[in-house]
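The structure appears below as C-alpha cells.
Numbering (this note's numbering), first residue to last: 3 to 257.
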C-alpha cells in the first residue's frame, strides 16, 4: 500500500471516524495484536487487515489465520498506517470485521440483564461491556441515547468482550415489555425517597437500569421500573462513575 488514496486505507479510516459509515457497512474498526487474537478466537468475520510494514514476519501466525478466514491483507509504511489508526501511538495491526448482530431474541432465556439508559461516554460503555462479559452477565441492552458500541474507543475498552457478550440495541419501552414477558422484575438505580439498598432485593433473576453519567436514569425509566434501588455509600461522595456503579450492580447480580 503506497497511497493515502488506497480504497482499503480509506475504508479503515472512515470506519474509525464515521458512525454512519460503520452502520451502513456493518463493520467496525479494531486495533492491536490482542484484539486480533480475540477476534480470531471468537470467530469474528475479519474483512480487511492492515499490518505495519516490517512486522509481517513476527506476526506471521496471526496473519496466516486471518488470511485463512478470508481477510484481505495489506501492508503500509508508518506514515500511511497511522492514517488508519485512531490512537496516538498506533500498534502494528489495524483491521475491520463484521459487527456482531444481536437481536431482541438474544434476550430470551437470560436471567440477568443490564439496561443502559442514555449512557454516552464511550470509555464507560466499553468498561461496562468488559465487566459484564467477565462476570458472565446474561446480556446488556443499549437504550436510547447510548454511545455507539462499535466505535473504536468502545471496542478497545471492551478488550474483546464486544465479540462475545450479547449486546442488544432496543428502545427502553420495548426492552422493558419483553423483560416483563420473561418474568424479570425491572429495577432502576436512582436516589429517591422510596429507593431501597441494592442488596435488599433479589437480583439473581432480574433486570437493572443504569442511567447516564450526568442526569442518571430518565423519567421514562423510572416510570417503567418496578422498584428503585441505590448503592449504599458511607463516604462523602454523592454519586459514582457510571462504569463503577454498573460494575457493582453486575457483581451483585452474578455473585
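From the three backbone atoms N, C-alpha and C, an ideal C-beta is built for every residue, glycine too.
The criterion of a C-beta distance shorter than 9 Å is satisfied by residue 231 and residue 192. Cβ contact annotation for residue 130 (same chain, cutoff 6 Å, sequence separation greater than five): 245 and 248, in chain order. Between residue 127 and residue 211, the gap from beta carbon to beta carbon reaches 9 Å or more.
Taking a 10 Å sphere around the C-beta of residue 20, we find fewer than 16 other C-beta atoms and assign the residue as exposed. Distance from the CA of residue 54 to the CA of residue 113, rounded to the nearest whole angstrom, comes to 44 Å. Under the rule that a run must span 3 or more residues, the beta strand (DSSP E) segments found entirely inside the region 114-201 read 114-118, 141-144, 169-171 and 188-191. Residue 74 has 50 as its beta-bridge partners, per DSSP. Annotation: residue 219 to residue 146 spans about 11 Å, alpha carbon to alpha carbon. Excluding its 5 nearest sequence neighbours in each direction, residue 44 has C-beta neighbours in its own chain below 6 Å: 165 and 166, listed in chain order. By the Cβ test, the region 95-112 is in contact with the region 23-39, since at least three Cβ pairs between them sit closer than 8 Å. For residue 123, the closest alpha carbon among the candidates 109, 155 and 95 is that of 155. The Cβ-Cβ distance between residue 120 and residue 213 falls below 9 Å. A contact is defined here as three or more CB-CB pairs under 8 Å, and the region 170-188 fails this definition with respect to the region 81-88. With contacts defined by Cβ atoms closer than 9 Å, residue 93 and residue 40 do not form a contacting pair.
Distances from the alpha-carbon of residue 13 to those of 50, 172, 170 and 140 put 50 closest.
Secondary structure of residue 6 (DSSP, three-state): coil.
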